[in-house]
Structures are given as structure tokens and as C-alpha cells.
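Q: Got a structure for you, questions after.
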Amino acid sequence: MPGAPSRRPGLFMVGLDGAMIGRITLTRATGHIRQAAGKAELGNLFLPQAWGYGYAAEACAAALDRFAGALPGEPVVLATQTANVRSMRLAAKLGFIEVERFEAYGAEQWLGEWSSLTPSD
Ligand SMILES: CC(C)(COP(=O)(O)OP(=O)(O)OC[C@H]1O[C@@H](n2cnc3c(N)ncnc32)[C@H](O)[C@@H]1OP(=O)(O)O)[C@@H](O)C(=O)NCCC(=O)NCCS
Numbered sequence: 216m217p218g219a220p221s222r223r224p225g226l227f228m229v230g231l232d233g234a235m236i237g238r239i240t241l242t243r244a245t246g247h248i249r250q251a252a253g254k255a256e257l258g259n260l261f262l263p264q265a266w267g268y269g270y271a272a273e274a275c276a277a278a279l280d281r282f283a284g285a286l287p288g289e290p291v292v293l294a295t296q297t298a299n300v301r302s303m304r305l306a307a308k309l310g311f312i313e314v315e316r317f318e319a320y321g322a323e324q325w326l327g328e329w330s331s332l333t334p335s336d
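Residue numbering for the sequence shown follows our numbering, starting at 216 and increasing by one per position.
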């Protein structure tokens, strides 16, 4: 994966006008979701004041593009609660396809998968 050779191989800080507004991770999923274990997993966390402008979508798309260049054809998974409407919308916009829904941590979870070989729109 792009980035430093460590347990957190892909860490992208997202800036706007010189300030950090979010971070994106591309890491090897551990066993927290059995179906995702060992796969590349996309994580994202943006400051609430940066929501609603498309910044996360633009930055995640760039990170996925970089990933696809480094590991062509390798899928990426994304997990989120279904109640996280913004996260669900972002996943769909990026081209993640539902793999399954399941109960964990007291809520319904969603697991999606993306591949650079699948057109996103
Ligand atoms: C998940 C998260 C990154 C989504 O952020 P977001 O800003 O909603 O996502 P996007 O970048 O896709 O932005 C979409 C919004 O920008 C709007 N937008 C405004 N200008 C835009 C533009 N030029 N281009 C695209 N979208 C634009 C869209 O209309 C949309 O607004 P809406 O949601 O009100 O309809 C954010 O909510 C977050 O950090 N949450 C906390 C962490 C988290 O839950 N992470 C994921 C689960 S593990």
C-alpha cells in the first residue's frame, strides 16, 4: 500500500487553506470484521465543520486512485453503521458495493467493497 511501511501503511492528512480538516486511512483490516480480515480498508474522519462540501469524497477518491496505482485491481473494503447516513452516502458515491449487513457493537453495520476494475459512475 502507498505510504510508510508500518501497520498503518496509508495515512493521508487532508488540508484546506493550510489547516487540517480530516484524515483518511488505508490499512489492512484486522479481525474486527471477519469478512474483511486481511483486506485493505478505507477509513475517514473529517472535522464536522468540513462536512457538506464534498471534501471527503474528493479526498477519498484521490486516496483510492493512489491505491489503485500501487496495487492495481486489489479491492478495498469500507465498514460503517447503516445509521451513519453521511458515511453511507459517501460510500455509495465512491462506488462501494454492498457485501453484507450485520449486527455488531449494538447496531446494524454495513460492509462494502470497491474495486478499481468496477466503474464508479
Ligand atoms: C463520513 C464523512 C467523512 C462524510 O463527510 P461529508 O462531507 O458528508 O461527505 P462528502 O465529501 O461526500 O460531502 C457530501 C456533501 O457535500 C455537498 N457538496 C457541496 N459542494 C459539493 C461539491 N462541490 N462537490 C460534491 N459535494 C458537494 C453534497 O451535496 C453533500 O451534502 P449533503 O450531505 O448535505 O447532501 C463525515 O461525515 C465524517 O467525518 N464523519 C465522522 C467519521 C465517520 O463517521 N467516518 C466513517 C465511518 S467509519
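Where is the CB? At the ideal position from N, CA and C, for every residue including glycine.
If you're wondering where the values come from, they're calculated on a predicted model, not measured in any experiment.
Would you kindly report the start and end of the unbroken alpha helix (DSSP H) that includes residue 284?
A: First-last of the alpha helix (DSSP H) with residue 284: 270-285.
Q: Which residues in the same chain have their Cβ closer than 6 Å to the Cβ of residue 331, if we skip the five residues on either side of it in sequence?
A: 283
Q: Which first and last residues belong to the alpha helix (DSSP H) in which residue 307 is found?
A: 300-309
Q: Does the Cβ of residue 238 lie closer than 6 Å to at least one heavy atom of ligand 1?
A: no
Q: Does the beta-carbon of residue 266, which I'm using as the reference point, lie nearer than 6 Å to any heavy atom of ligand 1?
A: Shortest gap from the CB of residue 266 to any heavy atom of ligand 1: under 6 Å.
Q: Taking the beta strand (DSSP E) that residue 325 belongs to, which residues open and close that run?
A: 322-329
Q: To the nearest angstrom, how far is the alpha carbon of residue 288 from that of residue 253?
A: 15 Å
Q: Just mark residue 231 as buried or exposed, buried being the case when its beta carbon has 16 or more other beta carbons within 10 Å.
A: exposed
Q: Tell me whether the beta-carbon of residue 239 lies closer than 7 Å to the beta-carbon of residue 294.
A: no
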